[in-house]
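Just so it is clear: in the sequence shown, position 186 is 186 by full-length UniProt numbering, and no numbers are missing. Cβ coordinates follow ideal geometry from the N, Cα and C atoms, glycine included. Computed from a predicted model, the values in this text were never measured in an experiment.
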Amino acid sequence: MTLDKVVGSAAEAVADIPSGATLAVGGFGLCGIPMVLIDALLQTGVDGLQVVSNNCGVDDWGLGVLLAAGRIAKMTSSYVGENKEFARQYLSGELELELTPQGTLAEKLRAGGSGIAAFFTQTGVGTQVAEGGLPQRYAADGSVAKASAAKPVQVFDVDGERREFVLEEAIAADFSLVHAKRADRFGNLVFDKSARNFSPLAAMAGRVCVAQVEEIVEAGELDPDAVHLPGVYVDRIVVVGPDVEKRIERRTISVDEAASRPMPEGA
């Protein structure tokens, strides 16, 4: 493997992702999503993808474009709102869903990237997360075609109390796709504020990690203390520039700001 991990285009970076691959994708809502890589993957025509990500974008942006094209077979997510097509496909039986608590999803990705097979957590104890029965796929008639299985529960002594914990298995994906603010040619990544979100964890979980970055610098130019993800986890870098399109999922303004704005013509 060359130390210089920069590739010439997004198309080249995702060219070997096959149909049926498992993908871990960074982002939270539309914040920090690797949209250029998602678009490039859409153009390849691959389908049957099993995607692990906090959510599935919106109807016309983010992972939502793959979903709308019928390329995603299964989502493992913690939030499934903001996307009408997601709801339609899930309720009609076209899409499988493994709904996972958000903190548990983050830890499953981190564990997968750290070589940890499974871990115990209190999150989900006493619910269908642990006991099973969550609908993962519906039949065309609305009945549940596939439900989640029960997970092992074990009691541990914590702070002098006997508490139940559920066993959660780690997630390791074939590929991971992330967006970063800055990288050096060795693949060390720096994320921008809240755009970091799930991205380092998703990157760790992928056997092959592809990162789109706004800026590339030479080796040695990044302050080691500023690196959020070491280059050992990153295999390919695509430079997309600082003007890459970023969308706001839901824009909220103050009452004062709204009052100060002129009314649109014809309103």
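Counterpart residues of residue i in DSSP-defined beta bridges
i: CYS31; result: PHE28
i: VAL144; result: TYR138
i: SER77; result: LEU99
i: GLN89; result: Looking at the DSSP assignment, GLN89 forms no beta bridge with any residue, so it has no partner.
Beta-carbon proximity of residue i to residue j, cut-off 8 Å
i: GLY48; j: SER77; result: no
i: ASN197; j: GLY26; result: yes
i: ALA180; j: LEU189; result: yes
i: VAL240; j: GLU218; result: no
i: ALA117; j: LYS151; result: no
i: ILE216; j: VAL7; result: no
i: PHE86; j: LEU67; result: yes
i: LEU42; j: ARG71; result: yes
i: PHE175; j: LEU3; result: no
i: ALA139; j: ALA145; result: yes
i: ARG110; j: LEU201; result: yes
i: PRO101; j: GLY124; result: yes
i: ALA40; j: ALA11; result: yes
i: PHE165; j: GLN122; result: yes
i: ALA73; j: GLN50; result: yes
Buried or exposed (CB count within 10 angstroms, at least 16 for buried), residue i
i: GLN136; result: buried
i: PHE28; result: buried
i: PHE191; result: buried
i: ALA172; result: buried
i: ARG88; result: exposed
i: LEU23; result: buried
i: GLU96; result: buried
i: ALA15; result: exposed
i: VAL155; result: exposed
i: GLU107; result: buried
i: ARG162; result: exposed
i: ILE253; result: exposed
i: GLY45; result: exposed
i: VAL232; result: exposed
i: ALA267; result: Caution is warranted here: a pLDDT of 47 is assigned to ALA267, below 50, making its placement in the model unreliable, and no coordinate value can be reported.
i: SER194; result: exposed
i: ALA226; result: exposed
i: ALA13; result: buried
i: SER260; result: exposed
i: ARG236; result: buried
i: ARG182; result: buried
i: SER143; result: exposed
Nearest-angstrom Cβ-Cβ length linking residue i and residue j, presumed shorter than 8 Å
i: GLN212; j: VAL234; result: Rounded, the Cβ-Cβ distance is 11 Å, inconsistent with contact.
i: GLY113; j: MET204; result: 2 Å
i: ILE17; j: GLY62; result: About 17 Å; that fails the 8 Å criterion.
i: VAL210; j: LEU37; result: 6 Å
i: GLY64; j: ASN83; result: 6 Å
i: SER149; j: GLY132; result: The residue asked about is misnamed: residue 149 is Ala in this sequence, not Ser. With 8 Å as the limit, ALA149 and GLY132 qualify as a contact, their Cβ atoms being about 5 Å apart.
i: ASP184; j: LEU134; result: At roughly 42 Å, the Cβ-Cβ gap does not stay under 8 Å, so ASP184 and LEU134 are not in contact.
i: MET35; j: GLU245; result: 7 Å
Cutoff 8 Å: residue i Cβ touching any chain B Cβ
i: ALA21; result: In the structure shown, chain B cannot be found, because there is only a single protein chain.
Whole runs of the alpha helix (DSSP H) within the region 93-130, excluding any shorter than 4 residues: 102-114
Only counting runs of 4 or more residues, tell me where the alpha helix (DSSP H) segments fall wholly within the region 155-228, in order along the chain. 199-205
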